[in-house]
Ligand code: RTP
Ligand code: MG
């Protein structure tokens, strides 16, 4: 299919430890379904130091990295593969800005405004690009119909 076609796309969504602990799972899933995403896969798991560090490897040089790893390993997470047209960008829009405190002011209807607290404890994750989505989905799940990968003109 060429770019601009209504091909479905997959993204990785995660409810972080504060989201699970705060019992936001059902409310978040209601939003997911209301916005037309299909939940293709889901798993509840506990990240350890090593897996959390590998998942957020891009942030390893950052000052906030140790704190991020402590947060992400503080309890179980719920990881989901979501699918719909334009899933990656739409899920990022739906979760809102990284800083949940700011989200409450600027994006009050976003998921992070609903269940997050601040710049770190923002209750959900979303893949930020097609490359990240592929990497993150295969980080947690095996063979999520990789044959359905969309090739656009730009990649040819
Ligand atoms: P995510 O990857 O979890 O979906 O979040 P994001 O793209 O909105 O933000 P990103 O820059 O990738 O940061 C990853 C996570 O690190 C924590 N963080 N802490 N203290 C800080 O300055 C800071 N900045 C980011 C957040 O939990 C953020 O979601
Ligand atoms: Mg990110």
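Residue numbers (mature numbering (1 follows the signal peptide of the UniProt record, and there is no 0)): -4 to -1, 1 to 152. Each residue gets a CB set at the ideal place from its N, CA and C atoms; glycine is no exception.
- By the criterion of at least three beta-carbon pairs nearer than 8 Å, the segment 41 to 51 is not in contact with the segment 80 to 90.
- Under the three-state reduction of DSSP output, residue 116 falls in the coil class, being neither helix nor strand.
- For residue 9, the uninterrupted beta strand (DSSP E) run begins and ends at 4 to 11, by DSSP.
- With fewer than 16 other beta carbons inside 10 angstroms of its own, residue 66 counts as exposed.
- Set against 6 Å, the gap from the CB of residue 124 to the closest heavy atom of the ligand MG is smaller.
- Distances between the C-beta of residue 17 and the heavy atoms of the ligand RTP are all 6 Å or more.
- By the 16-neighbour rule on beta-carbons within 10 angstroms, residue 132 is buried.
- The ligand RTP approaches residue 116 closely enough that one of its heavy atoms is under 6 Å from the residue's Cβ.
- Counted as a single uninterrupted DSSP element, the alpha helix (DSSP H) harbouring residue 128 occupies residues 126 to 136.
- Checking the DSSP bridge columns, you'll see residue 81 partnered with 4.
- For residue 21, the enclosing alpha helix (DSSP H) starts and ends at 21 to 30.
- Take residue 37, set aside five residues on each side of it, and the residues of its chain with a beta-carbon closer than 7 Å to its own are 76, 77, 137, 140, in chain order.
- Contact between the segment 44 to 54 and the segment 108 to 119 is absent, with fewer than three C-beta pairs closer than 8 Å.
- Counting the other CB atoms within 10 Å of its CB gives residue 11 a total of 16 or more, which places it among the buried residues.
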